[in-house]
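A short worksheet on the structure shown next.
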Amino acid sequence: MWPERGDENTMRRRRSIFDIIREYMEEFERATEEVLSAFEQPSWNLETHSLQPLFNISVTADEVIVTADLPYADPKTLKIESVDENLIEITAKMRVKVRFEDFGVSHREGEFSSFHSRIPLPVPVDASRAKASFRRGILEVRLPRRRGYRIRVE
26 MWPERGDENT
36 MRRRRSIFDI
46 IREYMEEFER
56 ATEEVLSAFE
66 QPSWNLETHS
76 LQPLFNISVT
86 ADEVIVTADL
96 PYADPKTLKI
106 ESVDENLIEI
116 TAKMRVKVRF
126 EDFGVSHREG
136 EFSSFHSRIP
146 LPVPVDASRA
156 KASFRRGILE
166 VRLPRRRGYR
176 IRVE
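Following this note's numbering, the numbering of the sequence shown begins with 26 at its first residue and continues without gaps.
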């Protein structure tokens, strides 16, 4: 009736300190690879002639603020789309084409005429209430955080 002490199906195995350390190391390696992979990706696409803008994400208790650097962007062509509650996409055409030489790079050729970036957000947002401003080449997008709903029990 009662399981035997040695029965593997009923007794929980106690994790050893080595298992715990191994799990932490695996998680650390995964997080490190994720961060470093961003540095391996080029910030340009020669096929589409687009640059990925520099951006910063700030999270407050009420909102997520995305600031993107879009020099030479034409405000009339600026588009911000919500792909889902954790991802936005920013595109804009440039008023002037930019070449690698403008960055001081002489061993590559190519020119860029637009910006394009898909920005993952750290928390879910309500994009329908987002507000954006564009001044002096800096785009600021304010996205309210998505809140859970309280369900009333009757």
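Glycine is no exception: its CB is placed at the ideal position from the N, C-alpha and C atoms.
In terms of alpha-carbon separation, which member of 145, 113 and 118 lies closest to residue 101?
118
Thinking C-alpha only, which one of 90, 41 and 103 is nearest residue 116?
103
Give me the residue from 106, 112, 110 and 96 with the minimum Cα distance to residue 120.
96
How many angstroms separate the CA atom of residue 51 from the CA atom of residue 147?
22 angstroms
Rounded to the nearest angstrom, how far is the Cβ of residue 168 from that of residue 150, given a contact under 8 angstroms?
4 angstroms
Quick check: residue 136 and residue 124, are their CB atoms within less than 7 angstroms of each other?
yes
Alpha-carbon to alpha-carbon, residue 80 and residue 140:
12 angstroms
Among all the DSSP beta bridges, which residues are the ones paired with residue 94?
79 and 163
CA-CA distance, residue 68 and residue 170?
28 angstroms
Residue 168 bridges to which residues according to DSSP?
89
Measure the CB-CB distance between residue 105 and residue 166 and report whether it falls below 7 angstroms.
yes
In its own chain, which residues sit with a C-beta less than 6 angstroms from the C-beta of residue 82, not counting the 5 before and 5 after it?
91
From which residue to which residue does the beta strand (DSSP E) around residue 103 run?
Careful: residue 103 lies outside any beta strand (DSSP E) and carries neither H nor E.
Checking the sheet assignment: what are the DSSP bridge partners for residue 53?
For residue 53, which the question treats as bridged, DSSP gives no partner whatsoever.
Quick one: is residue 169 near chain D, going by C-beta distance under 7 angstroms?
In the structure shown, chain D cannot be found, because there is only a single protein chain.
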